[in-house]
Amino acid sequence: MRILYFAWVRDNIGYSQEELSCPKQVRTIYQLAEYLKLQSEGHARAFDDMSAIRAARNQQFVTHDTELSDADEIAFFPPVTGG
Numbered sequence: 024m025r026i027l028y029f030a031w032v033r034d035n036i037g038y039s040q041e042e043l044s045c046p047k048q049v050r051t052i053y054q055l056a057e058y059l060k061l062q063s064e065g066h067a068r069a070f071d072d073m074s075a076i077r078a079a080r081n082q083q084f085v086t087h088d089t090e091l092s093d094a095d096e097i098a099f100f101p102p103v104t105g106g
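Each residue of the sequence shown is one higher than the last, beginning at 24 in the working numbering.
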């Protein structure tokens, strides 16, 4: 699974992307974020408040309960605001 990080999510983690093989029990975006929190202090900081993070699967906006597959590209980023 390819994971992309943007804006302050990337800043906390320290890099913009990574490739991971997740355990079978990681089936949703939310579970992926919980798994990622265990990878480093930067990940833990970035995913501390999931209400402040949006996600996309294969370049489509999705909710945190969206199911995943190993071939997915997942992106995490802050909410987009406009004026």
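Each residue gets a CB set at the ideal place from its N, CA and C atoms; glycine is no exception.
**Message:** Taking a contact to mean a Cβ-Cβ separation below 8 Å, would you say Gln97 touches Ala78 in this structure?
**Reply:** For the purposes of this step, residue 97 is identified with residue 74 of the sequence shown, where counting begins at 1. For the purposes of this step, residue 78 is identified with residue 55 of the sequence shown, where counting begins at 1. The sequence given here has Ile at residue 97, not Gln. Yes, the Cβ-Cβ distance between Ile97 and Ala78 is below 8 Å.
**Prompt:** Could you give the distance in angstroms between the alpha-carbon of Ser63 and the alpha-carbon of Ile36?
**Reply:** In the sequence shown, the residue the question calls residue 63 occupies position 40. In the sequence shown, the residue the question calls residue 36 occupies position 13. Taking the straight line joining both Cα atoms gives about 8 Å.
**Message:** Can you tell me whether Ala94 is buried or exposed? The criterion is at least 16 other CB atoms within 10 Å of its CB, across all chains shown.
**Reply:** One-based indexing of the sequence shown puts residue 94 at position 71. Label assigned to Ala94: exposed.
**Request:** Determine the DSSP secondary structure at Tyr38, reduced to helix, strand or coil.
**Result:** In the sequence shown, the residue the question calls residue 38 occupies position 15. Three-state result, Tyr38: coil.
**Request:** Determine the contact status of Ile52 and Leu91, defining contact as a CB-CB distance below 8 Å.
**Result:** Numbered from its first residue, the sequence shown carries residue 52 at position 29. Numbered from its first residue, the sequence shown carries residue 91 at position 68. Closer than 8 Å, so yes.
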